[in-house]
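Heads up: the sequence shown begins at 1 in UniProt numbering, then just goes up one per residue. Using N, Cα and C, we set each Cβ at its ideal position, and we do this for glycine too. All values derive from a computational prediction rather than experimental measurement. Contents: one structure, followed by commentary.
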Amino acid sequence: PSLMHLLLPVRHRFLAALSSLPWRRHLCSSISSRSTATTTADDDLEHWLEHAPAPGAELRGILTAAKYGGQHRVSMIPGSGIGPELMAVVKQTLLAARAHVDFEELQTSAEGAVTPEEMRRIVMSIQRNGVALKGNLESLEASTDFISIGGAAAKNAQLRAKLGLFAYVQRCKSIEGLPTRHRDIDILVVRQNTEGEYNQLEHFNVDGVVESLKVVTEARCRQIAEFAFQTAIKTRRKKVTAVHKANIMKLSDGLFLDVCRQVAQSYPDIEFNDMIVDNCCMQLTSRPQQFDLMLLPNLYGNIVGNIAAGLVGGAGVASGMNVGSRCAVFECGVRVSGQAMRGRDLANPCGLLLASADMLEYLGEAADARRVRMAVLAALAGGVRTRDLGGSAGTNEVTAAIVDWLQQNSA
1 PSLMHLLLPV RHRFLAALSS LPWRRHLCSS ISSRSTATTT ADDDLEHWLE
51 HAPAPGAELR GILTAAKYGG QHRVSMIPGS GIGPELMAVV KQTLLAARAH
101 VDFEELQTSA EGAVTPEEMR RIVMSIQRNG VALKGNLESL EASTDFISIG
151 GAAAKNAQLR AKLGLFAYVQ RCKSIEGLPT RHRDIDILVV RQNTEGEYNQ
201 LEHFNVDGVV ESLKVVTEAR CRQIAEFAFQ TAIKTRRKKV TAVHKANIMK
251 LSDGLFLDVC RQVAQSYPDI EFNDMIVDNC CMQLTSRPQQ FDLMLLPNLY
301 GNIVGNIAAG LVGGAGVASG MNVGSRCAVF ECGVRVSGQA MRGRDLANPC
351 GLLLASADML EYLGEAADAR RVRMAVLAAL AGGVRTRDLG GSAGTNEVTA
401 AIVDWLQQNS A
């Protein structure tokens with residue numbers, strides 16, 4: 001092996017140490033721009049990722065993302081399926097909005113699973129830039145043949161764990177003009193993002209018997225509970241509902257519930273209650289207006305978040321953000337690849353555009369975020385909708401309506 005190949009682990013440790021310093025971005029960017037050709041696809045991904053900086057115990061607030069020449073540097077990961085065409089819509093829309101964003105685009109296969117080499121580049125880019133916009137990262141399909149899948153982790157979950165993206169925040173709000181069963185919904189879903197069932201610790205004890213480990217820690221429960229109550233204050237929410245199954249999983253979910261109750265005592269001005277997850281799903285579909293901010297462990301958050309998104313229009317209008325102490329990743333609120341729609345002008349771009357507006361707001365570009373959000377809502381209110389929302393417009397027609405609104409209402 002070359003000298004550069006031997007020094008590569010040292011290089012990663014050096015970048016990890018720099019990542020905690022306030023002036024790290026320019027120096028890390030300069031170093032990371034050097035050739036990484038010495039890494040090969042057959043290198044062990046887990047060995048490489050272990051050099052990623054560990055997440056901090058507390059949320060440090062909105063970060064100062066990489067910015068050069070007045071432009072925010074953002075990692076763009078198109079992902080698989082309809083991801084590349086939706087990212088093209090985002091670039092066209094933000095150009096029309098004159099947003100101060102410069103994308104570092106990282107290509108992945110639109111047809112198959114993300115490779116280890118692609119994952120390396122994605123992780124390095126997000127660490128360098130601090131902010132990312134991503135599509136769905138395809139993983140190997142579910143299989144009971146543990147040898148054939150090699151115990152490979154789902155790529156989206158792996159990315160969240162390695163970057164310390166401990167919180168997933170999803171706003172589900174009724175949109176004017178969209179025909180839905182319920183009105184006046186405005187729910188903020190806060191989900192623990194890195195532990196529980198998503199650790200994917202499974203193995204065969206004997207043939208025909210699988211053991212799956214659910215790991216829950218007090219530190220992570222307290223971290224997400226504090227984050228949820230702080231988010232409630234910042235977003236002027238009056239009520240936090242912790243969702244659990246502590247009546248059955250008395251230790252794991254019991255720990256989560258106990259910690260949530262302890263943290264709630266420090267926020268007397270915010271109403272707190274808890275609800276068993278199965279009852280929560282029924283209540284959510286029958287009377288969703290009772291919920292304000294919902295605080296959930298990882299698996300329940302995924303399920304309940306999808307239900308809440310369905311109540312306000314579905315995957316095409318849902319946006320979400322993954323938050324850590326050092327970076328944030330924005331994406332559609334419901335993770336689907338949409339392979340069947342790829343290249344057919346059928347995909348709904350509104351969810352990813354709303355995620356882009358959230359990203360702009362996170363970057364401190366509130367005016368641009370407001371304009372992008374208003375353009376999307378104006379198109380929907382005007383009846384320009386894709387088939388999933390009961391309309392007949394294609395991706396290009398929806399995009400044209402949004403871009404036209406931005407050009408006619410230039411800042």
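Quick one: grab the DSSP three-state call for residue i.
i	result
ASN279	helix
GLU85	helix
GLY316	helix
THR241	strand
GLN290	helix
LYS173	strand
ASN193	coil
CYS327	coil
ASP368	helix
GLN92	helix
PHE166	coil
LEU363	coil
ASP404	helix
VAL384	coil
ILE187	strand
GLU104	strand
ASN322	strand
LEU178	coil
LEU389	helix
LEU352	helix
ILE137	The sequence given here places Leu at residue 137; Ile does not occur at that position. Coil, per DSSP.
LEU159	helix
For residue i, collect the residues of the same chain with a Cβ closer than 6 Å to its Cβ; drop the 5 residues on either side in sequence, then sort them by chain order.
i	result
SER75	GLU104, SER125, ILE126, ASN129, ALA132
GLY254	ALA246
ARG191	TYR168, LEU296, GLY301
VAL384	ALA393, VAL398, ALA401
VAL334	ASN306, ALA309, ALA315, ALA318
residue 482	The structure shown does not extend to residue 482, since the chain spans only 1 to 411, so no value can be given for it.
GLY61	Residue placement at GLY61 is flagged as unreliable, the pLDDT there being 37, under the threshold of 50; the coordinate-derived value follows with that caveat. Answer for GLY61: no residue qualifies.
ASN273	THR241
GLN170	VAL189, GLY305, GLY320, GLY333
LYS239	GLU271, ASP292
Going by DSSP, name the residue or residues bridged to residue i.
i	result
SER212	GLU202
ASN273	THR241
LEU377	Per DSSP, none; premise fails for LEU377.
LEU295	VAL190, ALA242
Excluding the 5 residues flanking residue i on each side, which residues of the same chain have their C-beta closer than 8 Å to its C-beta?
i	result
GLN71	HIS100, VAL101, ASP102
LEU213	ASN199, LEU201, GLU202
ARG237	LEU188, THR231, ILE270, ASP292, LEU293
SER356	VAL90, THR93, LEU94, LEU133, PHE330, VAL372
LYS155	ALA113, VAL114, MET119, LEU137, GLU138, SER139
GLN408	none
GLY208	none
THR180	SER174, LEU311, VAL312, GLY313
THR285	ILE307, LEU311
Do we get a CB-CB distance below 8 Å when we pair residue i with the residues of chain D?
i	result
ARG261	No chain D is present in this structure, which holds just one protein chain.
Please list the terminal residues of the continuous beta strand (DSSP E) segment that includes residue i.
i	result
MET76	71 to 77
ALA132	131 to 134
Provide the residue span of the alpha helix (DSSP H) that contains residue i, from first to last.
i	result
GLU226	218 to 234
ASP258	252 to 264
ASN306	298 to 311
Tell me which same chain residues have a C-beta within less than 7 Å of the C-beta of residue i, skipping the five on either side of it?
i	result
GLU58	Interpretation of GLU58 is limited by its pLDDT of 33, a score under 50 that renders its predicted location unreliable; the figure taken from the coordinates is listed afterwards. Around GLU58: SER325.
ILE175	VAL312, GLY313, VAL317, LEU377, LEU380
ASN396	ASP345
GLU226	VAL263
LEU86	GLY135, ALA347, PRO349, LEU352
TRP405	ALA375, ALA378, ALA379
GLY217	Residue 217 is actually Thr in this sequence, not Gly. Counting only Cβ-Cβ distances below 7 Å, and skipping sequence neighbours, we find GLU195.
LEU185	Residue identity check: residue 185 is Ile in the sequence provided, not Leu. Excluding residues within five positions, the ones whose Cβ falls inside 7 Å are CYS172, LYS173, SER174, PRO288, GLN289, LEU311, VAL312.
VAL403	GLN92, THR93, ALA96
So is the beta-carbon of residue i under 7 Å away from any non-hydrogen atom of the ligand FMN?
i	result
GLN170	This structure simply doesn't include the ligand FMN, nor any ligand for that matter.
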